[in-house]
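What follows is a single structure, written as structure tokens, with notes after it.
Residue numbers (the numbering used here): 61 to 224.
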């Protein structure tokens, strides 16, 4: 429930009105699968929203994606955001804990209010409507990953905190 895939599906419905060829892929498995599948059917989005289930290695899917969207209600530090940055993806995320550590609003993606379908839909649409923006945001994501989230930089930051 904290991942708020229902918000993502409803936002996807908005986006698909303008971008009918867009496909959203929600990876993972959980007890809400039937509810989400029912919502997808109700909104007639079966061709546009896929629920392939648990995937051991998300990298091929992440690399194939045009952008990454996190619709969570709350998070700790979402590792998937770091993975999206490392794959050089523009990121659209709700304003949850850790999101602003990874996403510089307007630079490598967009950070919007949690639970705001319109804001999420508009942010996704902004990236999809502008190939140059998508490319530049993806490039900036990769730069941020290399600057802030390599093993070496994470160890250095941990050491700084421990030494303080």
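Glycine included, C-beta positions come from ideal geometry on N, C-alpha and C.
Could you spell out the range, first to last residue, of the beta strand (DSSP E) harbouring residue 153? Translated into the one-based positions of the chain shown, residue 153 becomes position 93. Element bounds for residue 153: 150-154.
So, helix, strand or coil for residue 169, using DSSP? In the chain shown, the residue the question calls residue 169 occupies position 109. Strand, per DSSP.
Taking DSSP's pairing of strands, which residues face residue 109 in a bridge? Here residue 109 corresponds to residue number 49 of the chain shown, with the count starting at 1. 84, per the DSSP bridge assignment.
Other residues of its chain near residue 122: CB distance less than 8 Å, five sequence neighbours each side excluded: Taking the first residue of the chain shown as 1, we reach residue 122 at position 62. Hits under 8 Å: 128, 143, 144, 147 and 149.
Compare the C-beta of residue 218 against all C-beta atoms of chain C and say whether one is closer than 9 Å. Reference to chain C is not applicable here, since this structure consists of a single protein chain.
Starting from residue 140, trace the beta strand (DSSP E) in both directions and tell me its first and last residue. Numbered from its first residue, the chain shown carries residue 140 at position 80. No beta strand (DSSP E) holds residue 140; the alpha helix (DSSP H) holding it covers 139-146.
Going along the chain, which residues of its own chain have a beta-carbon closer than 8 Å to the beta-carbon of residue 110, five neighbours each way excluded? As a working mapping, residue 110 is identified with position 50 in the chain shown. Here the set comprises 83, 84, 85 and 86.
Under the rule that 16 or more other beta-carbon atoms within 10 Å means buried, what is residue 198, buried or exposed? The count along the chain shown starts at 1 and reaches residue 198 at position 138. It is buried - the Cβ of residue 198 has at least 16 other Cβ atoms within 10 Å.
Identify the residues that DSSP records as bridge partners of residue 128: which are they? As a working mapping, residue 128 is identified with position 68 in the chain shown. DSSP output for residue 128 lists 151 as bridge partner(s).
By how many angstroms is the C-alpha of residue 207 removed from the C-alpha of residue 217? Within the chain shown, residue 217 is the residue found at index 157, counting from 1. Within the chain shown, residue 207 is the residue found at index 147, counting from 1. Whole-angstrom Cα-Cα distance: 12 Å.
Local Cβ density within 10 Å of residue 183, reported as buried at 16 or more and exposed below that: Counting from 1 along the chain shown, the entry for residue 183 is found at position 123. Classification for residue 183: buried.
Within 10 angstroms of its Cβ, does residue 219 collect 16 or more other Cβ (buried), or is it exposed? Your numbering for residue 219 matches position 159 in the chain shown. Exposed, since its Cβ has fewer than 16 Cβ neighbours within 10 Å.
Looking only at its chain, what residues have a beta carbon closer than 7 Å to the beta carbon of residue 181, apart from the 5 residues adjacent to it on each side? Here residue 181 is taken as the residue at index 121 of the chain shown, counted from 1. Excluding sequence neighbours, residue 181 sits near 71, 74 and 75.
Could you give the distance in angstroms between the alpha-carbon of residue 79 and the alpha-carbon of residue 202? Reading the chain shown from its first residue, position 19 is the one you call residue 79. Reading the chain shown from its first residue, position 142 is the one you call residue 202. The straight-line gap from Cα to Cα measures roughly 26 Å.
How is residue 210 classed by DSSP in three states: helix, strand or coil? Position 150 of the chain shown holds residue 210. Coil.
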